[in-house]
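Number of protein chains: 4
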Amino acid sequence: MEEYSYKLEMQVRDYECDMQGIVNNAVYQNYLEHTRHEFLKSIGIDFAEYARKNINLVVVRIEIDFKFPLKSGDDFWVGLNCAKESRIKFGFFQDIYRSSDNKPVIRAKIIATGLNEKGLPSLPPELVESLTAFES
Amino acid sequence: MEEYSYKLEMQVRDYECDMQGIVNNAVYQNYLEHTRHEFLKSIGIDFAEYARKNINLVVVRIEIDFKFPLKSGDDFWVGLNCAKESRIKFGFFQDIYRSSDNKPVIRAKIIATGLNEKGLPSLPPELVESLTAFES
Amino acid sequence: MEEYSYKLEMQVRDYECDMQGIVNNAVYQNYLEHTRHEFLKSIGIDFAEYARKNINLVVVRIEIDFKFPLKSGDDFWVGLNCAKESRIKFGFFQDIYRSSDNKPVIRAKIIATGLNEKGLPSLPPELVESLTAFES
Amino acid sequence: MEEYSYKLEMQVRDYECDMQGIVNNAVYQNYLEHTRHEFLKSIGIDFAEYARKNINLVVVRIEIDFKFPLKSGDDFWVGLNCAKESRIKFGFFQDIYRSSDNKPVIRAKIIATGLNEKGLPSLPPELVESLTAFES
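Chains as they are written, first to last, in this note's numbering: chain W, 9 to 144; chain X, 9 to 144; chain C, 9 to 144; chain H, 9 to 144.
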């Protein structure tokens with residue numbers, strides 16, 4: 009298991025499970041987004057505040073490998089690392105593990121950028137600074 | 009504010025907010041369901057285990073008064089009381105409060121029953137016993 | 009079966025079903041909201057446009073009776089009537105039926121109002137006019 | 009624009025939009041899943057029926073490039089092609105376009121397999137046959 013710069017513990021909720029009795033694939037993206045936003049908040053960046061200022065942080069690419077499904081009652085944790093990908097892109101490496109035995113659940117890479125008020129790709133300097141300082 | 013037999017603390021996640029910047033109405037039902045299932049678990053009743061045995065706990069009526077909207081970043085808690093409504097129905101009284109100032113967010117009443125393997129209304133005796141013991 | 013002023017046909021999607029193999033309760037609120045917004049659009053009122061102008065149409069109370077569950081593969085339709093409840097409130101009566109046999113699925117009453125830029129209850133005059141003209 | 013073996017038209021629903029006023033990233037996975045299940049149904053394969061027989065069709069990897077966001081009121085269509093990836097894996101190539109101008113919204117590749125009653129990777133022969141016959 010890798011080292012992670014940020015971790016968040018969560019718990020499966022029954023309404024997130026589908027007719028197969030396991031967490032629906034799309035829900036993992038919710039888990040990942042929530043973890044990224046909590047991580048950003050932890051380094052002083054408020055996603056909602058940016059959205060209100062019409063600066064939108066957006067995902068441009070996502071890759072997820074599904075290793076093992078979570079089911080009702082499972083506790084899990086999300087590990088996160090980040091790294092600059094280019095002048096205007098950041099990569100988030102986010103993996104999910106079942107808490108009871110640290111069994112890998114998913115491995116994901118998410119590439120994100122920012123869009124300014126005019127809808128053009130652009131990252132606010134203070135965001136770049138915070139993320140770079142944190143880079144793992 | 010009333011007394012509650014069971015309480016659960018939660019937190020708004022950004023993906024639960026809609027274009028008005030507030031938690032979407034339907035999401036409160038998710039919060040309420042999750043709280044009921046956690047409550048049931050706390051008294052020894054596992055919703056998913058019942059579902060696997062083809063005994064389905066189902067909601068037959070829901071009433072929700074929306075008092076004040078939650079938004080991104082809000083912490084909140086759900087208070088729950090329950091009371092027998094009839095031989096085969098239970099009522100759950102569930103209210104949500106914003107944690108920072110205990111401002112009322114919603115007040116809800118949910119009527120639930122059970123359906124046995126044949127799809128007929130029926131409550132497992134151990135469920136009735138546990139809920140009655142807990143009745144507020 | 010009642011007469012309805014507005015009808016919308018929809019179809020259950022598998023991701024809307026939960027571990028019981030039926031549509032999750034909260035999802036019906038999504039169906040009802042989508043139908044209201046489509047209805048409003050049909051009489052010239054765009055929910056999203058209002059939201060952008062900071063005039064928010066909001067639900068203040070919801071009552072739903074769950075009669076029979078929809079499941080994977082089901083087609084269904086939502087019937088809608090509306091009526092003025094007070095100077096600043098409208099009631100929407102929305103029922104869902106399974107299409108194959110018109111079996112009642114849910115019966116719902118939703119009370120809605122508007123909030124102006126200052127967050128005070130208020131209905132734009134053109135909205136009142138359109139809804140009143142339509143009143144069933 | 010490519011040729012697609014299967015197409016499905018859909019429409020953005022307001023509850024699918026987030027505080028940025030655009031469709032939330034995770035929702036596209038719902039769109040893609042619904043399209044795959046409709047496609048499978050069109051070639052005689054019922055996802056829910058398989059699930060009831062404890063044969064689970066599961067996604068093992070997903071790659072999505074987000075090109076342009078859908079927003080409230082947008083109509084869109086999903087194009088789908090499929091190809092065998094290995095003895096037990098199939099790839100689905102699914103792209104979403106905004107209907108008004110065929111602007112590309114997302115491009116996705118989804119790798120799926122089947123799990124038999126024992127949870128082991130395995131594709132039912134009739135599924136392989138149907139998908140291979142359809143292969144683009």
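Note that CB positions come from ideal geometry on N, CA and C, so glycine has one too. Small disclaimer: the values here were computed from a predicted structure and weren't measured.
Collapsing the DSSP output to three states places L139/H in a helix. Taking 8 Å as the cut-off, the beta carbon of V136/H is found no closer than this to the beta carbon of P77/H. Taking 8 Å as the CB threshold, V86/C stays off the interface with chain X. The way I'd put it, the stretch 15-24 of chain C doesn't touch the stretch 117-124 of chain X; fewer than three beta-carbon pairs between them come closer than 8 Å.
For Q37/H, the enclosing alpha helix (DSSP H) stretches over residues 33-50.
For E17/C, the uninterrupted beta strand (DSSP E) run begins and ends at 14-19, by DSSP. Closest option to E125/C, judged by alpha-carbon separation, among G99/C, R60/C, D73/C, F84/C: R60/C.
Close CB contacts of Y14/H within its chain, under the 7 Å cut and outside five residues either way in sequence, are with F47, S50, L88 (chain order).
Interface with chain W (8 Å Cβ-Cβ cutoff): N38/X is included.
Assigned with DSSP and collapsed to three states, E11/X falls in coil, not helix or strand.
Per the DSSP secondary-structure output, Q102/X pairs in a beta bridge with L88/X, A116/X.
According to the DSSP secondary-structure assignment, G122/X is paired through a beta bridge with L65/X.
From the beta-carbon of N32/H, the residues of chain X found nearer than 7 Å are Y23. Assigned with DSSP and collapsed to three states, F74/W falls in strand. With fewer than 16 other Cβ atoms from the protein chains shown falling within 10 Å of its own Cβ, T140/H counts as exposed.
For F74/X, the closest Cβ of chain C is nearer than 8 Å. Counting the other Cβ atoms within 10 Å of the Cβ of E143/H gives fewer than 16, which makes it exposed. Taking C-beta atoms as the reference points, D83/W and H45/X fail to come closer than 8 Å. Interface criterion not met: the Cβ of G122/W is under 8 Å from no Cβ in chain X. Listed by position along chain X, the residues whose Cβ is nearer than 8 Å to that of F47/W form an empty set, because the closest Cβ is around 12 Å away. Per DSSP, the continuous alpha helix (DSSP H) segment holding R60/C begins and ends at 55-60. With fewer than 16 other Cβ atoms from the protein chains shown falling within 10 Å of its own Cβ, G52/W counts as exposed. If you draw a straight line from the Cα of D73/X to the Cα of A91/W, it is about 45 Å long. Classified as buried, R106/X has 16 or more neighbouring CB atoms from the shown chains inside 10 Å of its CB.
By the neighbour-count criterion, in which a residue is buried when 16 or more other Cβ atoms sit within 10 angstroms of its Cβ, D26/X is buried. Look at the stretch 101-126 of chain C: it has no residue with a C-beta under 7 Å from a C-beta of chain X. Nearest neighbour of P133/W by Cα position, chosen from N110/W, V113/W, F98/W, turns out to be F98/W. Under DSSP, P129/X takes part in a beta bridge, and its partners are L123/X.
Chain H has no Cβ within less than 8 Å of the Cβ of S94/X. Here the alpha carbons of A34/C and S138/C stand approximately 29 Å from one another. If you compare the alpha carbons of E11/W, L131/W, D54/W, V68/W with that of K75/H, the shortest gap goes to V68/W. A direct Cα-Cα distance of roughly 43 Å separates F100/C from P129/W. Per DSSP, reduced to three states, the secondary structure at E134/C is helical. Scanning G122/X, D103/X, Q28/X for the CA closest to the CA of S94/X turns up G122/X. Within the DSSP secondary-structure output, D83/W pairs in a beta bridge with Q19/W.
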